[in-house]
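Structure record follows, encoded as structure tokens.
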């Protein structure tokens, strides 16, 4: 009986509480509680650049998207051939020494004449490292041969000065930060590196990126690292003997440092690390995966000059259309072509490259998602440079 009575106590207490509550309500002079506030959701901020890119993407055909993956060159200081490429839908132009006129004002007039879209300026790139690779004779900033013996702050100051010189003339992308590392004075790349050890190179690369920040878009080259791959990639496909773990402990460090510092582009080299992938990095899905997933790079991946593959004489790289498809399928966003005055002499035309990429999409070798992701990254960079 005790157990039964005890079990009933909660029921009795609940009944008494209900009765008291009812009486208080009937009296009419008890305060009523405010209703619980309705939860509100915080609206997700709209990214105006992403919104613009989405709108522009919705207007593009597959052919226009394919053209947007190209950066090309035409020799000379006449803006007309360059502007013709822009009107054909390419996203970028690379200036070489033959494009450089007498001074900054004349170069500024040239770059202004080729711009056609204020909302998304065409990418105008240049190899302005200083020293061995320097297109502008009026760039007096220090180069690698001096900077690699100095503190990272010196690299930051030099590349800040260099970026200002470029921006003054309408150049908005610098292919100028060499993230390769080697201590071998006989190496093809030795005179251009910012450090002879991975740690020192990493610090100076980060300084160089910081110096260019907000003035021009910075490019790290030549991923995954030319220093470990002896030979000149302009005329061969140099190979590096490193395993992936050896790469992570050495050549990777300057690239990781530059990416963390905010570099907007990474240039892939026509270099092979057979222990990782026999294909050149520019055509390697695995190296693009490493760049995206391990180093966390979410910017624009641009190839080194695609004509270099044809110049090496190997039959597997003789077809420019096939090279283009392989590069995009591997994960490249922007394909670089330093074209001669007569591109047909190399078996190349913009229409031909566009056709090859479109055919790659239709065949499934390039997925529509890959194409869209690449174009979105390029358009995001172009839109960012407009702001």
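Numbering (mature numbering (1 follows the signal peptide of the UniProt record, and there is no 0)), first residue to last: -24 to -1, 1 to 363.
Glycine residues also receive a C-beta, built at the ideal position from the N, C-alpha and C atoms.
- In this structure, the beta-carbon distance from residue 251 to residue 219 falls below 7 Å.
- Per DSSP, reduced to three states, the secondary structure at residue 301 is helical.
- For residue 151, the three-state secondary structure derived from DSSP is strand.
- Annotation: the continuous alpha helix (DSSP H) that includes residue 220 extends over 220 to 225.
- Residue 191 and residue 143 have their C-alpha atoms roughly 7 Å apart.
- In the three-state scheme derived from DSSP, where H, G and I count as helix and E and B as strand, residue 186 is classed as helix.
- Shown here, residue 47 sits in a strand according to DSSP, grouped into three states.
- In this model, residue 146 and residue 139 are separated by some 11 Å (Cα to Cα).
- Nearest to residue 344 by alpha-carbon distance, out of 38, 188, 213, 23, is 38.
- Between residue 230 and residue 181, the CB-CB gap stays under 7 Å.
- By the beta-carbon neighbour count (other beta carbons within 10 angstroms, threshold 16), residue 163 is buried.
- The three-state reading of DSSP puts residue 194 in strand, counting E and B together.
- One thing to note: residue 171 has its Cβ within 7 Å of the Cβ of residue 157.
- Within the DSSP secondary-structure output, residue 215 pairs in a beta bridge with 248.
- Taking every protein chain shown into account, the CB of residue 184 has 16 or more other CB atoms within 10 angstroms, so this residue is buried.
- Under the DSSP assignment, residue 100 falls in the beta strand (DSSP E) whose first and last residues are 99 to 102.
- The criterion of a C-beta distance shorter than 7 Å is not satisfied by residue 312 and residue 356.
- For residue 276, the uninterrupted beta strand (DSSP E) segment begins and ends at 276 to 279.
- Under the three-state reduction of DSSP output, residue 141 falls in the helix class.
- Note on geometry: alpha-carbon atoms of residue 292 and residue 22 lie some 46 Å from one another.
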